[in-house]
Every structure is written in structure tokens, then in C-alpha cells.
Amino acid sequence: PNEVGEVIFYGDNVCMGIATQINDLATSDSNLGRLATGDIGYLDSDLNLYITGRTQRFIKFHGSRINLDELEYQLNEIDSEIILTAHNDTVYCFHINDLSHEIRLEIRKRVGIIETTLQYKQINEFPRTESGKIAYSQLIGWTNE
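When the sequence shown is numbered by this note's numbering, its final residue is 145 and no position is left out of the sequence of numbers.
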């Protein structure tokens with residue numbers, strides 16, 4: 001209980017794999033009853049599962065492991081329109097509103113990195129998937145603009 005890690009699901013009801021053609025339906029179970037969800041979470045003492053982020057949203061930065069989802073959540077308590085991504089040893093802070101000097105200092109403090117490896121980019125709106133989630137992959141393409 002209370003140990004954070006990747007959520008792995010085991011069971012007979014894990015899908016056998018992805019079929020892209022009719023012959024794939026005759027193949028054996030490529031997942032072997034195991035599904036790595038890509039989620040990070042923990043079980044509490046009552047064995048309730050809490051999801052705290054995604055494995056793809058963890059970065060190793062200057063010797064520190066940073067959970068971008070958790071950090072985003074904390075920063076959004078300060079300013080509700082901040083999204084974080086990382087690419088090529090730089091953390092990008094996308095924001096919709098102007099960020100005050102105080103908010104920028106707080107972001108830098110919480111991220112725990114030097115100013116030159118933290119870049120700010122103001123955008124009009126966050127790109128979203130059809131289901132309404134943030135389309136982080138689109139933001140990476142905007143880091144060079």
C-alpha cells in the first residue's frame with residue numbers, strides 16, 4: 001500500500017492483442033494476460049487504486065525525477081491555465097494568461113531547474129483531443145515556433 005509505481009493489470013480478461021487483419025484473430029495471446037497501462041498510481045490501505053499520472057509524463061531532469069502531471073496540478077492551484085511538456089532537456093510552460101513575475105518564480109521553484117532550461121510560451125488555447133483531453137503531442141510541435 002501507498003507505494004507509487006506503474007499500474008500493471010493481470011488477468012484472464014486482458015485482451016490478447018490488437019487485430020489489424022483477419023489472420024490476427026487466430027494468433028496466440030501476445031499480452032500473456034498482462035497489461036502495462038502506462039498509468040502511475042498507488043493502492044491505499046483499503047486497496048483502492050489512485051492514478052496520479054502517466055509514465056510518459058515523467059522526466060528525469062538534472063538528476064531529479066519530475067512528474068509533470070503532479071506538477072501541473074500544483075501549478076494550476078496558482079494559475080488555472082498552465083500546461084507543462086518537456087523536450088530536448090527543456091521544460092516548456094504553456095500558458096493562456098500572462099504570467100506575473102511571482103508566478104514565474106513559483107513555477108521555477110517548484111520545477112526545481114534553472115531559468116535557462118525553462119521556457120514559457122503563451123498560446124490562445126490548449127489543443128485538445130476529440131475526448132477533450134489535452135493533446136500534449138501537439139504541444140511538442142509548438143516548442144520550435
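For every residue, glycine included, the Cβ atom is placed at its ideal position computed from N, Cα and C.
In this structure, what does DSSP give as the bridge partners for residue i?
| i | result |
| --- | --- |
| H87 | T90 |
| Y66 | Rather than Tyr, the amino acid found at residue 66 in this sequence is Ile. Paired residue(s): I59. |
| I82 | H95 |
DSSP on residue i, reduced to helix/strand/coil?
| i | result |
| --- | --- |
| N2 | coil |
| K133 | coil |
Check each candidate in the options and name the one with the smallest Cα separation from residue i.
| i | options | result |
| --- | --- | --- |
| I59 | R128, S131, F126, V111 | V111 |
| E106 | F94, G132, I78, D98 | I78 |
| L159 | T52, Q21, D46, I8 | Here the chain covers residues 1 to 145 and nothing more, so residue 159 does not appear. |
| S30 | M16, A36, H101 | M16 |
| I18 | E6, L49, S28, D46 | S28 |
| D46 | P1, S131, E102, R128 | P1 |
| E72 | A26, Y136, G5, N23 | Y136 |
Check whether the Cβ of residue i lies closer than 7 Å to any heavy atom of the ligand ADP, and answer yes or no.
| i | result |
| --- | --- |
| V91 | Absence of the ligand ADP from the depicted structure is noted, as is the absence of any ligand whatsoever, leaving it without description. |
Cβ contact (3+ pairs, closer than 8 Å) linking the segment 78-87 and the segment 36-46: Cβ pair count under 8 Å is below three, so no.
Every unbroken beta strand (DSSP E) within the segment 3-59, with a cutoff of 3 residues, ordered by chain: 5-10, 34-43, 49-54
The segment 118-134 / the segment 89-97 touching (three or more Cβ pairs under 8 Å): yes
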